[in-house]
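**Q** Numbering (my numbering), first residue to last: 6 to 419.
C-beta atoms are modelled at their ideal positions from N, C-alpha and C, and glycine is treated no differently.
Quick one: the structure is below, questions incoming.
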Ligand SMILES: Cc1cc2nc3c(=O)[nH]c(=O)nc-3n(C[C@H](O)[C@H](O)[C@H](O)COP(=O)(O)OP(=O)(O)OC[C@H]3O[C@@H](n4cnc5c(N)ncnc54)[C@H](O)[C@@H]3O)c2cc1C
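In structure tokens form, the structure reads like this:
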């Protein structure tokens, strides 16, 4: 075994906890979290018998087999992710279609165009500077399907999504498959990671705000947090912008600032099942809503007894958030009206409306605007401001952790 390092971690979100769970096996880990709870935007909020969340929709983009799943394995935390089947359905004219079935809905001419598009996407033989929205122009169904996908998965309109991110996502999808839902929801993962960290002797301090990070140039000098805690290595799970603000180093290029992605999440309780599978329904024709899932189909404990938990997500497009919420609520009304004719209002209850922007966005860096995780051999970033290419949400967080671990490994630290 190599030298035991003292590693300080700023923030107990997924990135910080995954790093801590894996590194605490051989090193001394201390995590400082400013909030009273751990998990950041990936944990549960108990509300009237439902497990709502601080952010995520209880869903892992590539299920048990993706980058996130690899970290769950590597950390040996024992958390369980149930893969979804089907991968996702697309709602068109009040009917839900699988991806392959969409072909039935397009004309022969558009089918040929779409086939060429898919081949180009797979082979990467397209202008890498265009947006996904521009790429899809000319086939109306593809435009709607693409926009609902990027809205749900990245909280971006298709026109704000760089095509090379979609190419990388498509490669990951073909390698790992579609989404999954963790047992216990988001908190199922967080609890499992916390158990490993504490068992390995790691320390977690909550209600501890880090307002100063010092990484000296002189390798003989120690790094420090808030002046009095000394470490060999620091890993920040705070956003790149916050980390830069509180640290003595400048690592964000003014020309390439991370741009956060904004979103609106509506949690719904319903006696009726809106869907009978464990995946996403992409709402391709809604004005603002991008999709919804029903995670209680996988784990009943996520909903009040005899009820279902439905989570609906929309990208915030315009600045007036109240108008945006109204659009999403109208979309939800339409869907329930069509699904449960005659039961409209009684069929469901809005449990919570949560908006995400500024300091608490859907992603600290929207895909394509991420910062690099390795600042130098002693200072690293993890989280959704430093996602790896084609990393959807927590898969991107996992990619950042994998990159940091790989760099440390090269230095003989593992
Ligand atoms: C509405 C919504 C829906 C989403 N749905 C999904 C989904 O279904 N699937 C999916 O994969 N992803 C989803 N995401 C994204 C996912 O939740 C986030 O990408 C992920 O949780 C971010 O993890 P992180 O490692 O960046 O840490 P964060 O969650 O950002 O945690 C960072 C932690 O650092 C702490 N911190 C910050 N500054 C300091 C400081 N100065 N001192 C001490 N502590 C500090 C914070 O309090 C926080 O706890 C969703 C997000 C939102 C908002």
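Ordered along the chain, which non-local residues of its own chain (more than five positions away) have a Cβ less than 8 Å from that of residue 146?
**A** Start at 1 with the first residue of the chain shown, and residue 146 comes out as number 141. 97, 107, 110, 111, 115, 289, listed in sequence order.
**Q** Comparing the CB of residue 251 with every heavy atom of ligand 3, is any distance shorter than 7 Å?
**A** Ligand 3 is absent from the structure shown, which contains only ligand 1.
**Q** Just the C-alpha distance for residue 65 and residue 135, rounded to the nearest angstrom, thanks.
**A** Indexing the chain shown from 1 puts residue 65 at position 60. Indexing the chain shown from 1 puts residue 135 at position 130. Each residue's Cα considered, the two are about 28 Å apart.
**Q** I need the straight-line Cα distance from residue 46 to residue 81, nearest angstrom please.
**A** Here residue 46 is taken as the residue at index 41 of the chain shown, counted from 1. Here residue 81 is taken as the residue at index 76 of the chain shown, counted from 1. Going from the Cα of residue 46 to the Cα of residue 81 covers about 22 Å.
**Q** Residue 167 to residue 208, Cα distance in whole Å?
**A** Taking the first residue of the chain shown as position 1, residue 167 is located at position 162. Taking the first residue of the chain shown as position 1, residue 208 is located at position 203. Answer to the nearest angstrom: the Cα atoms are 40 Å apart.
**Q** From which residue to which residue does the beta strand (DSSP E) around residue 318 run?
**A** Sequence index remark: in the chain shown, residue 318 carries index 313 (1-based). Note, residue 318: beta strand (DSSP E), 313–320.
**Q** For residue 155, report the span of its beta strand (DSSP E) as first-last.
**A** Taking the chain shown and counting its residues from 1, one reaches residue 155 at position 150. Where residue 155 is concerned, there is no enclosing beta strand (DSSP E), although the alpha helix (DSSP H) it sits in stretches over 145–159.
**Q** Considering only C-alpha positions, which residue in the set 152, 130, 42 is nearest to residue 139?
**A** By one-based count along the chain shown, residue 139 stands at place 134. The option with the nearest alpha carbon to residue 139 is 152.
**Q** Would the beta-carbon of residue 67 be found less than 7 Å away from any heavy atom of ligand 1?
**A** As a working mapping, residue 67 is identified with position 62 in the chain shown. Residue 67: no, Cβ never under 7 Å from ligand 1.
**Q** Mind checking who residue 236 pairs with in its DSSP beta bridge?
**A** The residue labelled residue 236 in the question sits at position 231 within the chain shown. DSSP lists 228 as partners of residue 236.
**Q** Can you tell which of 183, 197, 182 has its C-alpha closest to the C-alpha of residue 2?
**A** Here the chain has residues from 6 to 419 only, and residue 2 is not among them.
**Q** Using the DSSP secondary-structure output, state which residues sit across from residue 241 in a beta bridge.
**A** What you label residue 241 is simply residue 236 of the chain shown in a count that begins at 1. Residue 241 pairs with 15, 386.
**Q** Can you find a C-beta in chain C that's less than 8 Å from the C-beta of residue 311?
**A** Checking the listed chains, one finds no chain C in this structure; it contains a single protein chain.
**Q** Could you name the residues of the same chain whose beta carbon sits closer than 7 Å to that of residue 20, not counting the 5 residues immediately before and after it, in chain order?
**A** On the chain shown, residue 20 is found 15 positions in, with the first residue counted as 1. 242, 387, 388, 402, 405, 406, listed in sequence order.
**Q** Using the C-alpha atoms, what's the distance from residue 253 back to residue 416?
**A** Along the chain shown, read from residue 1 onward, the residue named residue 416 stands at position 411. Along the chain shown, read from residue 1 onward, the residue named residue 253 stands at position 248. Those two C-alpha atoms are separated by around 23 Å.
**Q** Just the Cα atoms here: how many angstroms apart are residue 390 and residue 255?
**A** Working through the chain shown from its first residue, we reach residue 390 at position 385. Working through the chain shown from its first residue, we reach residue 255 at position 250. Rounded to the nearest angstrom, the two C-alpha atoms are 15 Å apart.
**Q** Expressed to the nearest angstrom, what Euclidean distance is found between the alpha-carbon atoms of residue 295 and residue 13?
**A** As a working mapping, residue 295 is identified with position 290 in the chain shown. As a working mapping, residue 13 is identified with position 8 in the chain shown. Near 38 Å, if we compare the C-alpha coordinates of residue 13 and residue 295.
**Q** If you pair each beta-carbon of the region 308–316 with each one of the region 266–275, do three or more pairs fall below 8 Å?
**A** Cβ pair count under 8 Å is three or more, so yes.
**Q** How would you write the range of the alpha helix (DSSP H) that residue 94 sits in, first residue to last?
**A** Here residue 94 corresponds to residue number 89 of the chain shown, with the count starting at 1. Premise fails: residue 94 lies in the beta strand (DSSP E), 93–97, not in any alpha helix (DSSP H).
**Q** Measuring alpha carbon to alpha carbon, tell me which residue in 29, 32, 36, 7 is nearest residue 231.
**A** Indexing the chain shown from 1 puts residue 231 at position 226. Looking at the Cα atoms, 36 is the closest of the given residues.
**Q** Do the region 99–106 and the region 216–226 make contact, defined as three or more Cβ pairs closer than 8 Å?
**A** No: the two stretches stay apart, fewer than three of their Cβ pairs being nearer than 8 Å.
**Q** In chain order, what residues of the same chain lie with their CB nearer than 7 Å to the CB of residue 173, ignoring the 5 residues before and after it?
**A** Residue mapping note: residue 173 aligns to position 168 of the chain shown, counting from 1. Cβ within range, chain order: 394, 395.
**Q** Only counting the same chain, and skipping five residues up and downstream in sequence, which positions put a Cβ closer than 8 Å to that of residue 373?
**A** Counting from one through the chain shown, the residue named residue 373 turns up at place 368. Hits under 8 Å: 166, 167, 169, 170.
**Q** Any chance the CB of residue 147 is under 7 Å from a heavy atom of ligand 1?
**A** Working through the chain shown from its first residue, we reach residue 147 at position 142. Every heavy atom of ligand 1 is 7 Å or more from the Cβ of residue 147, so no.
**Q** Please determine, among 324, 300, 132, 329, the residue with the shortest C-alpha to C-alpha distance to residue 291.
**A** What you label residue 291 is simply residue 286 of the chain shown in a count that begins at 1. Cα-wise, what sits closest to residue 291 is 329.
**Q** In the DSSP assignment, find the unbroken beta strand (DSSP E) run with residue 200 in it and report its ends.
**A** Against the chain shown, residue 200 aligns to sequence position 195. Segment 191–204 is the alpha helix (DSSP H) holding residue 200; no beta strand (DSSP E) there.
**Q** Please name the residue, chosen from 235, 305, 323, 301, that lies closest to residue 268 on a Cα-to-Cα basis.
**A** For the purposes of this step, residue 268 is taken as residue 263 along the chain shown, with counting starting at 1. Minimum Cα distance to residue 268 is reached at 323.
**Q** Smallest Cα separation from residue 225: which of 155, 185, 238?
**A** The count along the chain shown starts at 1 and reaches residue 225 at position 220. Nearest C-alpha to residue 225: 238.
**Q** Taking the continuous beta strand (DSSP E) assigned at residue 287, which residues delimit it?
**A** Here residue 287 refers to the residue found at position 282 of the chain shown. Looking at the DSSP string, the run of the beta strand (DSSP E) that includes residue 287 is 285–288.
**Q** Rounding to the nearest angstrom, what Cα-Cα distance links residue 180 and residue 344 in this structure?
**A** Your numbering for residue 180 matches position 175 in the chain shown. Your numbering for residue 344 matches position 339 in the chain shown. Answer to the nearest angstrom: the Cα atoms are 34 Å apart.
**Q** Exposed or buried, residue 9, counting other C-beta atoms within 10 Å across all chains shown (16 or more means buried)?
**A** The residue given as residue 9 occupies position 4 in the chain shown. The residue is exposed, with fewer than 16 neighbouring Cβ atoms inside 10 Å.
**Q** May I have the straight-line CA-CA distance separating residue 284 from residue 326, to the nearest angstrom?
**A** Position 279 of the chain shown, counting from 1, holds the residue named residue 284. Position 321 of the chain shown, counting from 1, holds the residue named residue 326. Their backbone Cα atoms lie some 27 Å apart in a straight line.
**Q** If you measure from the CB of residue 47, is any heavy atom of ligand 1 nearer than 7 Å?
**A** Counted from its first residue, the chain shown places residue 47 at position 42. For ligand 1, at least one heavy atom lies less than 7 Å from the Cβ of residue 47.
**Q** Taking the C-alpha atoms as reference points, what is the distance between residue 199 and residue 40?
**A** Taking the chain shown and counting its residues from 1, the one referred to as residue 199 is at position 194. Taking the chain shown and counting its residues from 1, the one referred to as residue 40 is at position 35. Taking the straight line joining both Cα atoms gives about 15 Å.
**Q** Counting only the same chain and skipping the five closest in sequence on each side, list residues whose C-beta sits under 6 Å from that of residue 278.
**A** Start at 1 with the first residue of the chain shown, and residue 278 comes out as number 273. Excluding positions up to five away in sequence, the list reads 313.
**Q** With residue 297 as the anchor, note down where its beta strand (DSSP E) starts and where it stops.
**A** Numbered from 1 along the chain shown, position 292 holds the residue referred to as residue 297. Taken as a continuous stretch (DSSP letters only), the beta strand (DSSP E) holding residue 297 covers 294–298.
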